[in-house]
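Just below is one structure, and these are the notes that go with it.
Protein chains: 4
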Amino acid sequence: MPFNVEPYKRRVHFYETDAVGVVHHSNYVRWMEEARIDFMRRAGLPYSDLERAGILTVVTDAACRFVSSVRFDEEFEVTTRLVDFNGVKAVYEYVIRSVTCGVTAAEGTSGHCFVDAATRRPVRLKKRCPAFYEKALSLLDGPAAGRAGSGSPI
Amino acid sequence: MPFNVEPYKRRVHFYETDAVGVVHHSNYVRWMEEARIDFMRRAGLPYSDLERAGILTVVTDAACRFVSSVRFDEEFEVTTRLVDFNGVKAVYEYVIRSVTCGVTAAEGTSGHCFVDAATRRPVRLKKRCPAFYEKALSLLDGPAAGRAGSGSPI
Amino acid sequence: MPFNVEPYKRRVHFYETDAVGVVHHSNYVRWMEEARIDFMRRAGLPYSDLERAGILTVVTDAACRFVSSVRFDEEFEVTTRLVDFNGVKAVYEYVIRSVTCGVTAAEGTSGHCFVDAATRRPVRLKKRCPAFYEKALSLLDGPAAGRAGSGSPI
Amino acid sequence: MPFNVEPYKRRVHFYETDAVGVVHHSNYVRWMEEARIDFMRRAGLPYSDLERAGILTVVTDAACRFVSSVRFDEEFEVTTRLVDFNGVKAVYEYVIRSVTCGVTAAEGTSGHCFVDAATRRPVRLKKRCPAFYEKALSLLDGPAAGRAGSGSPI
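Chains A, B, C and D, in that order, are what the protein sequence lines are. First residue of the first sequence: 102, per my numbering; consecutive thereafter. First residue of the second sequence: 102, per my numbering; consecutive thereafter. First residue of the third sequence: 102, per my numbering; consecutive thereafter. First residue of the fourth sequence: 102, per my numbering; consecutive thereafter.
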């Protein structure tokens, strides 16, 4: 059963716009990060737990499709879903909507792996941070949920 | 015959790093933009020509795979290739290398379409900016070159 | 009588940190802008009113003293005061506090003038946007309040 | 005798512009940092020497006066001068000029102190990094040169 958290919501800052008059596309990647950290906090997966366990998350890839532009001071919201997780890697999907205009602004995805803060080598959360591992598994959603259910490799 | 331009090169700014001690991944999307504009200038495709013709380019999508991290003050270079172009859309590919470490840091891609600055509707460069169109066609490179050769839709 | 608005409040984003492990100082200038726009909205001075009247505000100067560092995910708040205003120029003062640590993080100031969006020449709000002018006067606070009371030049 | 280094020079990136069509003012603070690090390298004062000695520089304050706006793709240059230095603190002054337009865009200043990377307590470079100390003293320029000459406190 997927976990539902409130979307992350705020207004567009002026310094996020560019000379075309709309939000510069690089900021969507930053919004995805803001939304992911907010999602983790609301879902009870605080990033600080990983830090205490000496674990860093490394972003392995990010992609975004820009659908419609967003302007200064518009309110937007980001819906975040954890769509893949096996204790070594995690994949999130995002939908960014303009609340002001009621349309989808962008859709994105980001991949992450978990590494030891000292060695920067991949770690298995099942072993290193089992509470986090179990919690994350319970949050799995979307297309990847089936995959995980049919046997995650770890 | 693909066009070869010098890679775009500079050092990492301190404000581009994050608390993990390396460049924050959102900056790679900005580096791709810097490199693309440098590529266009060096290749004789100045962005200002489009502006004078009342045409904007809109970024439709961007993706990046992060291979190895880059640190403050490292010198990096970005190799840019135009891999798809039909007068309505363009796709660029990028390889970001750390010159200091001699390794690939990231690989990315970005998609763009050309729109009228006033109406924000797609335009055909073949009609609106034929010199730019011909020049861009001559720069086509890589996997997309074959596709373009076998009949671009415009 | 000075106007009291709620401080502007949010958490530090990860991409706002730098390799020393704290917020990069350039972001404080951006937080001042966020807080100023929030202050204007809460005080009934929406920036969009100026835009509709064809008026832009131009930042003429900004300064910040950095007192103590702020880290990723800390909650901070910015208290904004309008300390000078004569219908041509405005000066704001800001105090940035870490809510998490309960200490002052930075103190800043910014100066602004009002210009015609088309000509970029200074305008007098008393004439061009009298409602905004009266409202702003009523918000004047702090050291500049006396000055304004003893005869603003316009 | 003041030290003359080449100004720091580059073009404006598109992502540095805002919806008014010019460079967002917060970027000038970032340009000052870029220019300062370039100045240190050219003058033989590499930041990496401090890092190896376990010393961090902390920005204590920054101020900027914005004189005229700069647009996308304009070439600008930053002239940096070390105007105060006593082994505990340093003050730099900057003039940012548009090379394209031949006018001053902004003038700024920044203050810095030197701290131990582990304890974050102020250090005296005369003791901890004497070569850096002597070199920096020889670079002192401008109004503060007299002050330093008449007896720096350390």
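Beta carbons are placed, not taken as given, at the ideal position from N, Cα and C, and that holds for glycine. This one's a predicted model, so the numbers in the text were calculated from it and none came from an experiment.
Can you have a look at residue i and say buried or exposed, based on whether 16 or more other CB atoms are within 10 angstroms of its CB?
i	result
N105(A)	exposed
E107(D)	exposed
A163(C)	buried
A120(B)	buried
T118(C)	buried
R137(D)	buried
A237(D)	buried
R222(B)	exposed
List, in chain order, every chain D residue whose beta-carbon is nearer than 8 angstroms to that of residue i.
i	result
S127(A)	Y116
Kindly list, in the order they appear in chain A, the residues whose Cβ is closer than 9 angstroms to that of residue i.
i	result
R95(C)	Only positions 102 to 255 of chain C appear in this structure, which leaves residue 95(C) out of reach.
I197(C)	The premise fails here: I197(C) is roughly 16 angstroms from chain A at the closest Cβ pair, so nothing lies under 9 angstroms.
Might you give, ordered along the chain, the residues of its own chain that have their beta carbon closer than 6 angstroms to the beta carbon of residue i, omitting 5 neighbours on each side?
i	result
G247(A)	At G247(A) the pLDDT is 41, less than 50, meaning the model places this residue with poor confidence; the figure from the coordinates comes in the next sentence. Result list for G247(A): empty, nothing under 6 angstroms.
E194(A)	R182, V184 and T210
Y129(D)	C165 and A207
S169(B)	V204 and A206
H125(C)	D119
T201(C)	E175 and E176
F167(D)	H126 and A207
T220(C)	none
Figure out for me which residue from the options has the closest Cα to the Cα of residue i.
i	options	result
N187(C)	G212(C), A206(C) and E175(C)	G212(C)
K227(A)	T220(A), K110(A) and E235(A)	E235(A)
R172(A)	S239(C), F115(C) and S149(C)	S149(C)
D139(D)	Y109(D), L241(D) and R198(D)	Y109(D)
F233(B)	V216(B), K190(B) and P147(B)	P147(B)
M133(C)	T118(C), V196(C) and H125(C)	V196(C)
S199(C)	C214(C), E176(C), L240(C) and M141(C)	E176(C)
T161(C)	H125(C), A191(C) and L240(C)	A191(C)
D242(C)	R142(C), F167(C) and T180(C)	T180(C)
R111(A)	E178(A), A219(A) and P231(A)	E178(A)
Using the beta-carbon of each residue, which ones in chain C are nearer than 8 angstroms to residue i?
i	result
D119(B)	F115, Y116, T118, D119 and A120
S149(A)	D174
Determine the chain B residues that contact residue i at a beta-carbon separation under 7 angstroms, and present them in chain order.
i	result
R131(A)	S127
L157(A)	V121
Using a Cβ cut-off of 7 angstroms, pull out every chain C residue sitting near residue i, in sequence order please.
i	result
E107(A)	Residues of chain C passing the Cβ test: none, with the nearest at roughly 15 angstroms.
Against residue i, what residues of chain D qualify as contacts under a CB-to-CB distance less than 9 angstroms, listed in chain order?
i	result
E134(B)	H114, F115 and Y116
Can you list, in chain order, the residues of its chain with a C-beta nearer than 7 angstroms to that of residue i? Leave out the 5 residues immediately preceding and following it.
i	result
F115(C)	F173
D217(B)	G155, I156 and V224
R229(B)	A154 and I156
E135(B)	Y109
M141(D)	P147 and Y148
V113(B)	V124, V171, R172, F173, D174, E175 and F177
Can you list, in chain order, the residues of its chain with a C-beta nearer than 8 angstroms to that of residue i? Leave out the 5 residues immediately preceding and following it.
i	result
T158(C)	Y148, L151, A191, H213, C214, F215 and V216
S127(A)	none
V123(D)	S170, V171 and R172
R131(A)	none
Consider the Cβ of residue i: report whether some Cβ of chain G lies at a distance smaller than 7 angstroms.
i	result
W132(A)	The structure shown has no chain G; the protein chains it does contain are A, B, C and D.
Select from the region 160 to 191 of chain D all residues with a C-beta closer than 8 angstroms to any C-beta belonging to chain A, and list them in chain order.
R172 and F173
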